[in-house]
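Asks:
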Amino acid sequence: MKLFTSVHDVPSIKQFVKDALALKANPYAHQDLGKNKTLGLVFMNPSLRTRLSTQKAALNLGMNVMVMNLDKEGWALETQDGVVMNGSTVEHIREAAAVMGQYCDILGLRSFPKLQNREEDYSEDFFNKFVKYCAVPVVSLESATRHPLQSFADIITIHETWNPLRVGANDKPKVVLAWAPHVKALPQAVPNSFAEWMCKAQAEGMIDFTIAQPEGYELAEDFTLGAKIEYNLEEALTGADYIYVKNWSSYKEYGKVLTYPDGWMMNNDKLKFTNDAKVMHCLPVRRDLELSSEILDGPNSLVIHEAGNRLWSAQAVLKAMLEEL
Amino acid sequence: MKLFTSVHDVPSIKQFVKDALALKANPYAHQDLGKNKTLGLVFMNPSLRTRLSTQKAALNLGMNVMVMNLDKEGWALETQDGVVMNGSTVEHIREAAAVMGQYCDILGLRSFPKLQNREEDYSEDFFNKFVKYCAVPVVSLESATRHPLQSFADIITIHETWNPLRVGANDKPKVVLAWAPHVKALPQAVPNSFAEWMCKAQAEGMIDFTIAQPEGYELAEDFTLGAKIEYNLEEALTGADYIYVKNWSSYKEYGKVLTYPDGWMMNNDKLKFTNDAKVMHCLPVRRDLELSSEILDGPNSLVIHEAGNRLWSAQAVLKAMLEEL
Amino acid sequence: MKLFTSVHDVPSIKQFVKDALALKANPYAHQDLGKNKTLGLVFMNPSLRTRLSTQKAALNLGMNVMVMNLDKEGWALETQDGVVMNGSTVEHIREAAAVMGQYCDILGLRSFPKLQNREEDYSEDFFNKFVKYCAVPVVSLESATRHPLQSFADIITIHETWNPLRVGANDKPKVVLAWAPHVKALPQAVPNSFAEWMCKAQAEGMIDFTIAQPEGYELAEDFTLGAKIEYNLEEALTGADYIYVKNWSSYKEYGKVLTYPDGWMMNNDKLKFTNDAKVMHCLPVRRDLELSSEILDGPNSLVIHEAGNRLWSAQAVLKAMLEEL
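Protein chains in written order, with my numbering: chain A, 1255 to 1579; chain B, 1255 to 1579; chain C, 1255 to 1579.
(1) List the residues of chain B whose Cβ lies closer than 7 Å to the Cβ of Tyr1357 (chain C), in chain order.
(2) Between the alpha carbons of Gly1362 (chain B) and Gly1355 (chain B), how many angstroms are there, rounded?
(3) What residue does the beta strand (DSSP E) around Asn1417 (chain B) start on, and which one ends it?
(4) Would a check of beta-carbon distances place Arg1443 (chain B) closer than 8 Å to chain C?
(5) Nearest to Cys1536 (chain C) by CA position, among C:Glu1560, C:Asp1530, C:Trp1518, C:Thr1464, is which residue?
(6) Pick from B:Lys1506, B:Ser1307, B:Asn1299, B:Phe1380: whose alpha carbon is nearest that of Lys1326 (chain C)?
(7) Measuring CB atoms only, is the region 1506-1517 of chain A touching the region 1536-1545 of chain A, in the sense that at least three cross pairs come out at less than 8 Å?
(8) Under 8 Å, do Lys1500 (chain B) and Trp1433 (chain B) count as touching if we go by C-beta distance?
(9) Contact between the region 1341-1356 of chain C and the region 1302-1315 of chain C is defined here as three or more beta-carbon pairs at a separation below 8 Å; is this criterion met?
(10) DSSP on Glu1484 (chain B), reduced to helix/strand/coil?
(11) Who pairs with Arg1541 (chain A) in a beta bridge, going by DSSP?
(12) Below 9 Å between beta carbons is the criterion; list the residues of the region 1336-1360 of chain C that meet it against any residue of chain B, in chain order.
(13) Do the CB positions of Ala1352 (chain A) and Ile1461 (chain C) come within less than 8 Å of each other?
(14) I want to verify the contact list: residues of chain A whose CB lies under 8 Å from the CB of Pro1468 (chain C), in sequence order.
(15) Closer than 7 Å between beta carbons: that is the criterion. Which residues of the region 1541-1565 of chain B meet it against chain A?
(16) Using beta-carbon positions only, say whether Leu1306 (chain C) and Gln1569 (chain C) come within less than 8 Å of one another.
(17) Which residue or residues does DSSP assign as beta-bridge partners of Asn1318 (chain A)?
(18) Does Lys1500 (chain A) get closer than 8 Å to chain B when you measure Cβ to Cβ?
(19) So Val1430 (chain B) and Ala1494 (chain B) are supposed to be a Cβ contact under 8 Å. How far apart are they, rounded?
(20) What residue range is occupied by the uninterrupted alpha helix (DSSP H) comprising Thr1343 (chain B)?
(21) In the DSSP assignment, find the beta strand (DSSP E) that holds Val1437 (chain B) and state where it starts and stops.
(22) In chain B, which residues lie less than 7 Å from Arg1617 (chain A) when you measure between Cβ atoms?
(23) According to DSSP, simplified to helix, strand and coil, what is Arg1564 (chain C)?
(24) Got a sec: which bits of the region 1525-1542 of chain C sit with their beta carbon under 7 Å from any beta carbon on chain A, in order along the chain?
(25) Under 8 Å Cβ to Cβ from Met1575 (chain A), same chain only, skipping five residues before and after it: list those, please.
(26) Report the residue from C:Lys1573, C:Glu1577, C:Asn1563, C:Leu1572 whose alpha carbon sits nearest the alpha carbon of Ile1412 (chain C).
(27) Skipping 5 residues on each side, what residues in its chain have a beta carbon closer than 7 Å to that of Trp1241 (chain C)?
(28) For the region 1416-1439 of chain C, which residues have a beta carbon sitting closer than 7 Å to at least one beta carbon of chain A?
(29) If you run the structure through DSSP and keep just helix, strand and coil, what is Gly1362 (chain A)?
(30) Identify each residue in the region 1262-1291 of chain C for which the Cβ-Cβ distance to at least one residue of chain B is less than 9 Å, and report them in chain order.
(31) Would you say Lys1510 (chain B) lies against chain C (beta-carbon separation less than 8 Å)?
(32) Measuring CA to CA, which of B:Leu1512, B:Lys1278, B:Val1533, B:Glu1374 is closest to Pro1427 (chain B)?
(33) Quick one, are the C-beta atoms of Ser1567 (chain B) and Ala1274 (chain B) less than 8 Å apart?
(34) According to DSSP, is Phe1463 (chain A) helix, strand or coil?
(35) Would Ile1347 (chain B) be called buried (16 or more neighbouring beta carbons within 10 Å of its own) or exposed?
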C-alpha cells in the first residue's frame, strides 16, 4: 500500500478487517518490519486518539515516530503556485512536504477543512499536494473530507461484536448512521468516510446500511451511493443493530448549522425502536447533546471499545505500507 | 503497585529508597520489564523536570513513551456529570481518560489546582476521576495537593548524602521545611507532599522533621501530623542538617499571598544557625527572592543533585508498576 | 567532540565530510554507540528541518531523543546574574541547563538572536551560559550568530555533487553566497556560518568562495576572512558553479532591513552568467521573492537534496560526540 486516504485504497474490507484482528491477537509479531523505519506524524489540527493510536501502532511494528504539530508552531504553509511569498506564509508546501519526506519513510497528515468554500475543501488540494510533493507513502490522519482510519476501526468493531447466533438476529447487521445535534459547525469528514466504508462493506455483503438526517443535512452523493436515506429517525432505527451517532454541518448550505426538528439526540427512548442496538461514536462526544449519558455509561455503548480499535486499524495500514517499502 | 499518588501508596520508605538507589547504580538492568509497554504522560500544566526525568526513567526500563500536552492543545475536559455539554468543554473526562487507557499500559498525569476553591482542589476530583476512568495504573506527576515523585526524590537525596560519622552529627538528620517568599500564589502541593513523606520517614525512624512558616501559612493538618511546627525561623534552623526551602500560598485564607515579616529568604546568614545544613529546593527557584544566589552557587546547595534524583524516584515507581502489570 | 557550535570545532572539513558520507552510505552501522544514550533537543525558537533531521540522526545511532519546546511552554529563563527574580522569568539558566544535563547525555540547543542589540547577540551569552551550566556536550541547532549543522550539510552537498570531469569545469568549484530580498528582518546566523565554513573549505583547497551583497549588508569580518567580496551580483555570478541564495538583515545597521537596488532576486536570467550553477538555499525559502519558482522547480535546484543532507551532518556530529562520551 502506497497511500491510505479512503476506502478506495483497500481492495477488500473483509480481508483488511481480518488482517487488523490478527494484529490485535498478536500485536508484536512484526517488529522486524519497522526496524529503522520512521513514521512522521504531521498535524495541522489537534489530535488525541489519532495521534496516540497511530504512534502506538507504529511502535508495535518496531518503527520510530516523530511528531510535528505544525498548528502549534505558527508554520503557515503556502499552497498556491505562482504567488510572490511576501505575506504571512513562511514556506511553500512543495518544499515543506519534500523535506519531511527526506527524513521519514512514511508520513501521516491531518488537515481539517476550513468550511468556508466547499469546492476548495472537497478538492483536497492541501492533502493532495502534500502527497504529491513528499514523495513517500502517506496515511490520512483525517483530511478535509474523510477520516479513513476511524472508519476502518468502525467496521472492525462491528465485525468483531456482531453475533449472528443471537436470537432474532438479522442475516447481516443493520447499521444506521444517525445525525445528532452539536453547538459547533463540524466537518463532514467522519460521516462521509463512514458512509463510504459502509457502502463498500454493504457491497461486500457484510452489512445493511441506512443514513438518517434532517432535511438539509444530506451528505455528498459520492459518499453515500448505495445507502438507504431516511429523514425519519424512528423509521431508520427500526430493527437497527448498530447506531453510529455523529453531528455534521450542512453540505448543501456548506458549513452551516441549519435548524432541525427536536428529537435527534440519541437516548434510551430511541433505542426501543432498535434490535437492542449497539451505539457507536468516533469521539470526542458532547454528552447529553449528541448522545445521552445513560447510553454512554450503559451496556449498549461501544465507544471506548471502538476507540481502542483505532490502534489496530492504524497498525494494519502501517503494516501494509511497510511491506511495500 | 497500581497507583502512585502519595506516600500512602508506599509500604516502606526505607525499602523504596533502597530500590531507587539500586536503579541508580544499575540503570539499565531491567529493560526487558518495559519491553512493548507504553507510558503515556498527560500534562494539563507545563513541566520540565518531571517530564524529562519520567520520560528518561521509562526509557531506562525499555518502555515507550507518548507525551500529551493537553494544556497546549486547547483540549478542555468536562469533569461534572449530568451536564449538557453545549459549552466550551470538548470532551468528558470519562471518555478522554478511558481512551488514553486503551493505548497506554501506565499513565502519568499532571494537574495543578486552580487555587480558587479549597474544597474542590483538596477533593482531587479531577485526578481521582482520571484514575477511575482510565482503568490502568496511574503515576501522579503532581496533582492539586501533592507531588510525590518530587518528595520521593527528596528523601532519596537526604538518605544518600547523610553522613552519620560527621563530627558532631545528630543521631538522625534534622530536616526543616522552611517557607520562603515569592511573587506569585503557588500551590501547596510540594510542601504538603514533602511534609507527608517526612512525617512518615520520621515514623520510620529515618529523620526528625520541623516545619517553619509565618503565621497564616500553616499547611493542612492531614499532611503535617507528627511534625514540629515553628513560627520562628532561627529557632527552627538551629541544629538543622537539611533545609528544604519552598514558597506556598495560604491554606487557611485559601490561595492568598498574605503579608509576612522580613527575613524569610534563605541566605548564608541563616545558615549560621544550622549544623552546616545542606539546602534543598524542588526548582524552579526564584534566585535572591526565595533563596540567595550565594547558597545556590555554593557548597551547601543540593538542588541539582536533588533534581537528578527525580530520575531514580520515577524509575523505582515505574518498575514497581511494571512488575504488577 | 565535546562541543559543536562552529567550524572551529572541526579539525578537518574534508575528513568530516567523508565521515558524513560514510554514514549516508551505511546509516545504521553504529547503533550500539547510542544505546542507552539520550539526546535532549531544546528549542527556544521553532524548528522543522533541524528538529526532524537531528532526531532521525540520533535514532539512526540507536539513541533516545527527548524534545523540549521551551518557546511553547512559556518557560522564560533568566540569564543575568545577581538579579532578584521577582519578575516574569521563572527559572535561571544556571538551574535549567544544569537540570537538563542531569537527564541527557548530549544536548542540542536552538536560540535565535533578538536583533535588538548587536553586542548582546554576538556575545552568544545565552548559548555560552547554557553550554557552561549544563555540563554535557552541546550541539548548536542554530544560535544567535551561527547555524553550523546547516553549513556542514551545505559543504557535504557541494562535495557530493561536484563533477570535476564536466567539460569546462573549474579546477575547484566556485561558490557564491548571494544576498536576496525578504520581507522580514532575518538573523545573520546562516550566512555567517556558511561564510565561515566556506572560508575554511577554501583554506583546505576545496573551493573558491565569493560573497555578493548590496552596500550596507556586509557581514562581520570575523566570518568572511579570505572571501572575495562583490557588490555587483552579475560579476560575482560569472563562472559560478554553486550559488547559495540567502537573505539577511544588516550587520552594520544592526537588524535593519535597508533599501537595496533592484535585481537581487535569483532567477534564470542570472543563471546565464554562471557555469550552469547549482542553486542552494537553507530553507524555508520565500518563492519568487528570494528565489524564483522556475529555479526551485527546475534542474539546477539542490534545495531538497541539501535539506536531506541535514541528516548526515547531524549524524556525523552526534557520532563524534558519542565516541568521546
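For each residue, glycine too, the CB sits at the ideal point set by N, CA and C.
Keep in mind the model is a prediction, meaning the values are calculated, not measured.
Replies: For this structure:
(1) Leu1306, Ser1307, Lys1310, Leu1565
(2) 11 Å
(3) That residue, Asn1417 (chain B), is in no beta strand (DSSP E); it is neither H nor E in DSSP.
(4) Checking the sequence shown, residue 1443 (chain B) turns out to be Ala, not Arg. No - not a single Cβ of chain C is within 8 Å of the one on Ala1443 (chain B).
(5) C:Glu1560
(6) B:Asn1299
(7) no
(8) yes
(9) no
(10) strand
(11) A:Leu1545
(12) Gly1336, Val1337, Val1338, Met1339, Asn1340, Gly1341, Thr1343, Val1344, Glu1345, His1346, Arg1348, Glu1349, Ala1350, Ala1352, Val1353, Met1354, Gly1355, Gln1356, Tyr1357, Cys1358
(13) no
(14) Residues of chain A passing the Cβ test: none, with the nearest at roughly 18 Å.
(15) none
(16) no
(17) A:Thr1292
(18) no
(19) 5 Å
(20) Neither: Thr1343 (chain B) is in no alpha helix (DSSP H) and is coded neither H nor E.
(21) Looking at the DSSP string, Val1437 (chain B) is not in any beta strand (DSSP E), and its letter there is neither H nor E.
(22) This structure cannot speak to residue 1617 (chain A), because chain A is shown only from 1255 to 1579.
(23) helix
(24) Leu1537, Pro1538, Val1539, Arg1540, Arg1541, Asp1542
(25) Met1255, Lys1256, Phe1258, Ile1360, Pro1391, Val1393
(26) C:Asn1563
(27) Shown here, chain C extends from 1255 to 1579; a query on residue 1241 (chain C) therefore has no answer.
(28) Val1437
(29) strand
(30) Lys1289, Asn1290
(31) no
(32) B:Val1533
(33) yes
(34) strand
(35) buried
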